[in-house]
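Scroll down for the structure; my scribbles are underneath it.
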Amino acid sequence: MSLYAELHRHLGGAVVPRIFWRYLKRTGHPLAAEYPTYESFEDFVTRPRASLAEYLELHALVEPFQTLETLPYFVSKLVRGAYVFEGICYLELRHTPFYRTDPVLMPQDRIAQMREVVAVVGEAGRDPHYPLLMRQILCMHSRLPYEVNRAMLHLGASLPEYVCGVDLAGPDIFYAERLDEWVALFAEAHALGLPTTGHLYETPDGCHPALLPHLSRIGHGIQIALRFPELLPGVAARGQCLEVCPTTYLKTGTLQDLTALRTVFERCAAAGVDIALCTDNAGLHNVRLPWEYENLLTQDVIDFDQLTACQDAAFRHAFAWPHPHPPRVLLDALISDTARHTGPSKGESE
Ligand SMILES: [Zn+2]
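Numbering (my numbering), first residue to last: 6 to 355.
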């Protein structure tokens, strides 16, 4: 079994449709009546959308279900699945805690409740039966006001046992009017010691070179390689890794087929830019991380050398992986060490 690091997975999109549907049935939710069979529900959540904005409406549908009371259930199930079925040993799970707070509270009380949300998610991610290392990335959101986004930065910095970085998410059509604000928030995150990532250069609407220097990693970034390859040397010089999530581009209508990613891999390799393959929304897509790799292999977008390079890059660019080497290198060292110690004596005795 390979061991994977997953750097880009949203809490809202991480719950697999069957777990979600069973929850709806059990609680008698009206959505369960609307989709009386599992197959009809799966079709509803996994079918491609016309745009990123429409695709993100699915998150808005899931988020209200993820409350302080239900988060332990959903997080523990997704951690179990990631460990058992995907071979994930390191997971950065991202979410906007404000959207998991109680909507009847006043804004200031919702901001205060975000701390509880992060703690509940963090504790639910610690299960000795499924011992992967999970950290959270808190997502600033393009629909939320400055005060809420800034509060998330300070919350993240005060909870290093749970939070490893911050992100910018939400519809990218709203980025342009607030560019100065995002630059200031990213600068503040770095000043607080928090690494940054951001959904950038994912679609043609989200291409803002002014934000690029402020990111530790780039969420998606495929349009840099496809449409602005002249920016790649700068990305390489800053040591930024692209978090490429293949299935997303089909679901949002950004790409018609995955073969377009061949250009992304070729240009990034030539420029020395690392790529980590990620799922974005493994549950809603119903495509888990090993299958993202396999899909690219079978469609000749990458070969096995590139696959290994992506696996290792994910650990190298992880915000909180606690070792300088990825597990594959550690295992190689362990195996060769074992061979050195057992090989000669075995030979002598034969
Ligand atoms: Zn994302």
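Quick reminder that beta carbons are idealized off the backbone N, C-alpha and C, glycines included.
Please report how far the alpha carbon of residue i lies from the alpha carbon of residue j, in whole angstroms.
i: Glu11; j: Ala344; result: 31 Å
i: Ile178; j: Pro150; result: 15 Å
i: Leu143; j: Gln113; result: 18 Å
i: Met139; j: Gly211; result: 28 Å
i: Arg321; j: Leu205; result: 21 Å
i: His290; j: Val50; result: 8 Å
i: Ile340; j: Pro331; result: 15 Å
i: Glu355; j: Asp337; result: With a pLDDT of 48 at Glu355, under the threshold of 50, the modelled position of that residue is not reliable, and no figure is offered here.
i: Trp326; j: Arg222; result: 15 Å
i: Val306; j: Ala275; result: 15 Å
i: Arg272; j: Pro234; result: 7 Å
i: Leu57; j: Leu98; result: 20 Å
i: Asp308; j: Leu199; result: 34 Å
i: Gln304; j: Leu237; result: 25 Å
i: Pro209; j: Ser45; result: 32 Å
i: Pro342; j: Leu335; result: According to the sequence provided, residue 342 is Asp. The question's Pro does not apply to it. Whole-angstrom Cα-Cα distance: 10 Å.
i: Tyr9; j: Pro295; result: 8 Å
i: Gly17; j: Glu68; result: 6 Å
i: Gln245; j: Ala19; result: 25 Å
i: Leu255; j: Thr32; result: 32 Å
i: His13; j: Gln141; result: 10 Å
i: His225; j: Leu266; result: 11 Å
i: Gln316; j: Leu110; result: 43 Å
i: Leu66; j: Arg232; result: 32 Å
i: Gly203; j: Trp26; result: 30 Å
i: His213; j: Glu207; result: 11 Å
i: Glu39; j: Val188; result: 43 Å
i: Gly127; j: His328; result: 21 Å
i: His100; j: Ala55; result: 23 Å
i: Leu217; j: Lys82; result: 35 Å
Using only the heavy atoms of ligand 1, determine whether one of them is closer than 6 Å to the beta carbon of residue i.
i: Asp177; result: no
i: Asp210; result: no
i: Asp342; result: no
i: Asp285; result: yes
Assuming contact is defined by CB atoms lying nearer than 7 Å, are residue i and residue j in contact in what I supplied?
i: Ala156; j: Leu197; result: no
i: Leu184; j: Ala215; result: yes
i: Ala194; j: Val171; result: yes
i: Ala318; j: Asp285; result: no
i: His146; j: Ala181; result: no
i: Ile227; j: Val292; result: no
i: Tyr95; j: Ala314; result: no
i: Pro77; j: Ala129; result: yes
i: Tyr60; j: Thr347; result: no
i: Met119; j: Leu160; result: yes
i: Pro251; j: Glu297; result: yes
i: Asp132; j: Val89; result: no
i: Val249; j: Leu302; result: no
i: Pro102; j: Val80; result: no
Cutting at 6 Å between CB atoms, please list the residues of its own chain near residue i, excluding the five before and the five after it.
i: Phe191; result: Thr201 and His219
i: Val21; result: Gly288
i: Ser7; result: Gly92
i: Arg243; result: none
i: Thr253; result: Asp285
Under 7 Å Cβ to Cβ from residue i, same chain only, skipping five residues before and after it: list those, please.
i: Thr72; result: Arg105
i: Pro41; result: none
i: Gln311; result: Phe270
i: Ala241; result: Ala276, Gly277 and Val278
i: Val125; result: Leu73, Leu76 and Pro77
i: Leu63; result: Val50 and Leu289
i: Glu186; result: Tyr151
i: Leu29; result: Leu36 and Ala37
i: Pro53; result: Leu255, Lys256 and Gly258
i: Val153; result: Phe103 and Ile116
i: Leu137; result: Val84, Ala87, Tyr88, Ile93, Cys94, Tyr95 and Leu96
i: Thr264; result: Gln304 and Val306
Who are the near neighbours of residue i in its chain, counting only those whose CB is closer than 8 Å to its CB and skipping five residues on each side?
i: Arg23; result: Tyr43 and Glu47
i: Phe108; result: Per the sequence shown, residue 108 should be read as Pro rather than Phe. Hits under 8 Å: Pro69 and Arg115.
i: His134; result: Arg85
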